[in-house]
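Trainee: Residue numbers (the working numbering): 22 to 257.
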């Protein structure tokens, strides 16, 4: 961290403000909650809230769309399984240079047990998968309300994004479809759609290419995908 930081309380949670411009992140400032705690049902975790550079000085009290990102440890710095970063701070700098009106708040949520938190079913003999429903409830009932209470957000679904990659992309897909009135946009990068398709192991490529549309994941949310209120899905 840089020298420009201090601790304070927000809504009962301890966080610290830090400016990472000396480390190449100049598009905003951080509020980092090292131990965000809700209840005994959910483990405490680290959460970064990245606010636009002029958030604290904007005299018009502007409100901002919010991007919630899974695998928060890899959002701004190297971390996660691959020890790599999405470099969101640098990407936002380039976007803001072209159009300052595109400013957003980014909420980077560290995973605690990503195999369990980000998947909807067990995978073969792995019994530690399949906890995405609890994770969805945690974000929808605790994290998002906290952010909307304490930051100047645009809280409607069209201004609320959930994003992630691999397991985090699967969780984003699941969260947006299970809560389409809350998350209007989901960014699902290389999502682990193979989870729950155990029967494909040793199967032919033909089965592999046609299996997803018949998976439990797609069938469960087929009515939403075909509806007028389906979230925007960006799958890469």
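The beta carbon of each residue, even a glycine, is placed where N, CA and C say it ideally should be. Source: prediction; values computed, not measured.
So what's residue 251 in DSSP terms, helix, strand or just coil?
Mentor: In the structure shown, residue 251 sits in coil (DSSP, three-state: anything other than H, G, I, E or B).
Trainee: Per DSSP, residue 89 forms a beta bridge with which residues?
Mentor: Partner(s): 128 and 183.
Trainee: Consult DSSP for residue 166 and reduce its assignment to one of helix, strand or coil.
Mentor: It is helical.
Trainee: Is the beta carbon of residue 168 closer than 8 Å to that of residue 128?
Mentor: Yes. Within cutoff.
Trainee: Within this structure, are the beta carbons of residue 173 and residue 83 separated by less than 8 Å?
Mentor: Their beta carbons are under 8 Å apart, which means residue 173 touches residue 83 by this criterion.
Trainee: By the three-class DSSP mapping on this structure, what secondary structure does residue 49 have?
Mentor: Residue state, collapsed to three classes: strand.
Trainee: Taking the straight line between their C-alpha atoms, what separation do you get for residue 208 and residue 85?
Mentor: Cα-Cα distance, rounded: 18 Å.
Trainee: Is it true that the CB of residue 72 sits closer than 8 Å to the CB of residue 50?
Mentor: Yes, the Cβ-Cβ distance between residue 50 and residue 72 is below 8 Å.
Trainee: Can you tell me which residues form a DSSP beta bridge with residue 105?
Mentor: For residue 105, which the question treats as bridged, DSSP gives the partners 100.
Trainee: Sort out for me which residues DSSP pairs residue 66 with in a bridge.
Mentor: 57, per the DSSP bridge assignment.
Trainee: Take the Cβ of residue 41 as the centre, count every other Cβ of all protein chains shown within 10 Å, and call the residue buried at 16 or more, exposed below.
Mentor: By the neighbour-count rule (16 or more Cβ atoms within 10 Å), residue 41 is buried.
Trainee: Run through DSSP, which three-state label would residue 39 get?
Mentor: Here residue 39 sits in strand by DSSP.
Trainee: Measure the CB-CB distance between residue 202 and residue 87 and report whether it falls below 8 Å.
Mentor: No, Cβ-Cβ distance for residue 202 and residue 87 is not below 8 Å.
Trainee: Output yes or no for whether 8 Å exceeds the beta carbon distance between residue 141 and residue 153.
Mentor: In contact: residue 141 and residue 153 (Cβ atoms closer than 8 Å).
Trainee: At the level of alpha carbons, what is the spacing between residue 159 and residue 114?
Mentor: Approximately 30 Å between the Cα atoms of the pair.
Trainee: Do residue 193 and residue 213 come within 8 Å of each other at the CB atom, strictly closer than that value?
Mentor: Cβ atoms of residue 213 and residue 193: not closer than 8 Å.
Trainee: In this structure, how does DSSP classify residue 73 when only helix, strand and coil are distinguished?
Mentor: Three-state DSSP puts residue 73 in a strand.
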